[in-house]
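By this note's numbering, the letter at position 17 of the sequence shown is numbered 17, and the numbering carries on one by one without gaps.
Working notes, beginning with the structure itself.
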Amino acid sequence: MKKPIIVANWKLNGNKNFVQEFIKYCNLHLNKNFKKSTIIISPPIIYIKYIKKFLKNKKIYFSSQNVDYHDQGAFTGEISANMLSEIGVKYSILGHSERRKNHFESNKIIAKKFYSLKKNNLVPILCIGETNKEKKLNLTEKILKKQVDSIFLKCGKLAFHKTIVAYEPIWAIGSGKSASPYLINKILKMIKKYIIKNSSNNIKVYMQYGGSVSYKNFEEIIRLKYVDGVLIGSDSLNFKNFCKIINISDFINK
């Protein structure tokens, strides 16, 4: 039985009161002994140490929403992979469509960030996805492979070993309408086979789906053959729904 990887991406949301309520609710309602899922929370970076201190369940891991590819230097406002490691962060989300669009992050820049994370023994959560226009033009496979190829070019044939790849179709993010189970499985199968084919030795790569994932469709998605986990946006900000997702995962994987 698979051990689902559940990532909560808070994006630019939350304040001290929200964090306190989140911790309180999780401490009361979250199964404190879950062993069937890997839970990763990605809040704004300033709240990570606070959550780590007061959250009773110490089996929860933490991720950043971004990282700089420099180790140090005159790069105002940036945070390095080494700094993340020092505060107990194990994962980092890369290539999210919002950063590609709003911060003009190219495949080349994302590959540099990926390389820095691997060099510092952090786990990249690489987001890949296509726009609605690209989907309609039947360019999905070409776009996704290009995003993956940039990582191979910078980091080599073992780049994706022990890495998470999250397929997040841009047209589904925030829409309230997830991609169909058939499409999710088809795309993840294609990408996983492509990565393994272009890798050396036997690598272990984990495939996720993100894009309007909720407690209502989680079980159907997580049962798909090629889905190892989910990347959750808005439903991770709802205490009840987030805990429902985790407890559903734990229940179906008994």
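Just so you know, even glycine gets a beta-carbon here, dropped at the ideal spot from N, CA and C.
query	result
H103, buried or exposed, once every other Cβ within 10 Å from all chains shown has been counted against 16	exposed
For P43, the three-state DSSP class (helix, strand or coil)	coil
Cβ pair S178, G229 closer than 8 angstroms	no
Beta-carbon spacing of S214, L158 below 8 angstroms	no
Any 3 or more C-beta pairs closer than 8 angstroms across the region 105–116 and the region 143–153	yes
Buried versus exposed, by CB contacts within 10 Å (16 or more), K147	The sequence as given places Gln at residue 147; Lys does not occur at that position. Buried: at least 16 other Cβ atoms inside 10 Å.
Spatial distance of S249 from A74 (CA atoms)	44 angstroms
Residues near M207 by beta carbon distance below 6 angstroms, same chain, minus five either side	V165, L188, K192, Y226 and D228
Paired residues, beta bridge with A166 - DSSP	C127 and Q208
Contacting residues, own chain, Cβ-Cβ under 7 angstroms from F218 (five flanking each side not counted)	V230, I245 and I248
Rounded straight-line distance, which links the Cα of L28 to that of C155	43 angstroms
Close-in-space but distant-in-sequence residues of the same chain around Q65 (CB under 6 angstroms, 5 per side omitted)	S42 and I93
Of the residues L144, V67, I48 and N202, the one placed nearest K118, counting alpha carbons only	V67
Proximity below 8 angstroms, CB of I51 to CB of I6	no
Cβ shell of I143 (< 7 angstroms), same chain only, five flanking positions each side left out	E130 and E134
Exposure label - F255; buried when at least 16 CB within 10 Å	Given that the chain is displayed from residue 1 to residue 254, the structure contains no residue 255 and the question cannot be resolved.
Short Cβ contact (8 angstroms threshold) for G95 with F62	no
Where the alpha helix (DSSP H) through L188 begins and ends	P181 to K197
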